[in-house]
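K.L.:
Before anything else, here's the structure in question.
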Amino acid sequence: MKPTSVKQIAKQRIQILFEQAKQVRKTNPQLAMQYIKSARRIAMAAKIRLPVELKRETCKNCNALLVQGYNCRIRIKQKREPHVVITCLNCGNQTRILLKKKKEQKKLEQNNYSNEASC
Ligand SMILES: [Zn+2]
């Protein structure tokens, strides 16, 4: 399949950059960071979002490739709402991921509203 739009090309390039970053992360972490940095810039320029699975693997703050047990810590917390905390051991930046999906939350809210309206 030939990439037709800019967005498709960008997605392809991002995939390649992440693969490259994974290959060099042990021998040259600095280079891996550079790759992720440029992957981010490509995504921004093409106005696309990084795929979720790739987003989870990178540190927002220092662009490091996060590998569990190597340079990041993943914990599940129950405070307020259940969420996952990913700590980058490179720079100490923490990313929180709520375990409740936004769509479900919205649906619940809508249901509540309709219930209130019918009462
Ligand atoms: Zn970091």
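Sequential numbering of the sequence shown, starting at 273, is according to the working numbering.
The beta carbon of each residue, even a glycine, is placed where N, CA and C say it ideally should be.
Quick caveat, the model's predicted, so the values are computed rather than measured.
I'd like the ranges of any alpha helix (DSSP H) spanning at least 4 consecutive residues and lying wholly in the region 325-367.
P.N.:
Entirely contained in the region 325-367, not one alpha helix (DSSP H) run reaches 4 residues.
K.L.:
Does any heavy atom of ligand 1 sit closer than 7 Å to the C-beta of A304?
P.N.:
Position 32 of the sequence shown, counted from the start, is the residue given in the question as residue 304. A304: no, Cβ never under 7 Å from ligand 1.
K.L.:
CB-CB under 7 Å to K283, same chain, minus the five flanking residues each way: which ones, in chain order?
P.N.:
If you number the sequence shown from 1, residue 283 lands on position 11. Counting only Cβ-Cβ distances below 7 Å, and skipping sequence neighbours, we find I320.
K.L.:
Could you check the C-alpha separation between P301 and A336 for me, to the nearest Å?
P.N.:
The count along the sequence shown starts at 1 and reaches residue 301 at position 29. The count along the sequence shown starts at 1 and reaches residue 336 at position 64. Near 8 Å, if we compare the C-alpha coordinates of A336 and P301.
K.L.:
Which residue's Cα is closest to the Cα of E353: K327, M316, I369?
P.N.:
Along the sequence shown, read from residue 1 onward, the residue named residue 353 stands at position 81. For the residues K327, M316, I369, the minimum Cα distance to E353 belongs to I369.
K.L.:
Measuring straight from C-alpha to C-alpha, what distance separates K332 and Q280?
P.N.:
Along the sequence shown, one-based indexing puts residue 332 at 60. Along the sequence shown, one-based indexing puts residue 280 at 8. The alpha-carbon atoms of K332 and Q280 are separated by roughly 23 Å.
K.L.:
Pair every Cβ in the region 312-327 with every Cβ in the region 284-291, then say whether three or more of these pairs are closer than 8 Å.
P.N.:
Counting Cβ pairs under 8 Å, three or more are found: they touch.
K.L.:
Quick check on I320: does DSSP put it in helix, strand or coil?
P.N.:
Position 48 of the sequence shown holds residue 320. Looking at I320 - three-state DSSP - the assignment turns out to be coil, as it is neither helix nor strand.
K.L.:
Output the boundary residues of the alpha helix (DSSP H) element that contains R297.
P.N.:
Here residue 297 refers to the residue found at position 25 when the sequence shown is read from its first residue. Looking at the DSSP string, R297 is not in any alpha helix (DSSP H), and its letter there is neither H nor E.
K.L.:
For C334, which residues of its own chain have a beta-carbon under 8 Å away from its beta-carbon, when the five flanking residues on both sides are left out?
P.N.:
Along the sequence shown, one-based indexing puts residue 334 at 62. The residues are M305, C360, N362, C363, N365.
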